[in-house]
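Under my numbering, read the sequence shown as residues 394 to 539, first letter to last.
Where a beta carbon is used, it is the ideal one built from N, C-alpha and C, also for glycine.
It should be emphasised that the depicted structure is a prediction, and the values quoted were computed from it without experimental measurement.
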Amino acid sequence: MQVSSFSDYALRILMSLASVPDRTLSVRSLAERHGLSFDHLAKVGQFLAREGFVEATRGRGGGLRLARPADEIMIGDVLRRSEACSGLVECLRPGAEVRCVLAPVCGLSPILAEAEEAFFARLDRRSIADAVPQPAQVRAAIGADG
């Protein structure tokens, strides 16, 4: 399964914030530190706030911070929400028009559905905290150690 850049950036933001749980990081600084587009990262930040993963504050000194401890934010939950229409193939995408002539007799779609479910089940057991075993190293990597 390929994770979209949107989901990748969401995980990067959460990992960065997990490394500084007592601080707020601006979207601009996160974009600069990760070498990503500010506009795109702002959309990802809005999504994370809307889904309750982060708290967002506006204005001077504003930015993003985790809404709850990193060990309570499960990677599977983040990806399920950010990859809402992921489906490995057309027939597994919710609401997709299935044009495949094999759909009525296909044995592949249930196999892929099972694999996708196993993928998410595994990630449901791992938290953002698991992805940041060395917070000081993450802080140094993103230039937030000062």
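Alpha-carbon spacing of R461 relative to F446, whole angstroms: Residue numbering aside, residue 461 sits at position 68 when the sequence shown is read from its first letter. Residue numbering aside, residue 446 sits at position 53 when the sequence shown is read from its first letter. Computed Cα separation, rounded: 7 Å.
Output the boundary residues of the alpha helix (DSSP H) element that contains L501. The sequence position of residue 501 within the sequence shown is 108, counting from 1. That run of the alpha helix (DSSP H) goes 501–516.
Quick one: Cα of A435 to Cα of D401, how far? Within the sequence shown, numbered from 1, the residue matching residue 435 stands at position 42. Within the sequence shown, numbered from 1, the residue matching residue 401 stands at position 8. Straight across, the Cα-Cα distance linking A435 with D401 is about 14 Å.
Have a look at A511, R515, E509 and flag the residue whose alpha-carbon is nearest the alpha-carbon of M467. As a working mapping, residue 467 is identified with position 74 in the sequence shown. The residue with the shortest Cα to Cα distance from M467 is R515.
G438 burial status per 10 Å Cβ neighbour count (16 or more: buried): Within the sequence shown, numbered from 1, the residue matching residue 438 stands at position 45. Buried, since its Cβ has 16 or more Cβ neighbours within 10 Å.
Let me confirm a value: M408 is counted as buried when at least 16 other C-beta atoms fall within 10 Å, else exposed. Which label applies? Position 15 of the sequence shown, counted from the first residue, corresponds to residue 408. Under this definition M408 is a buried residue.
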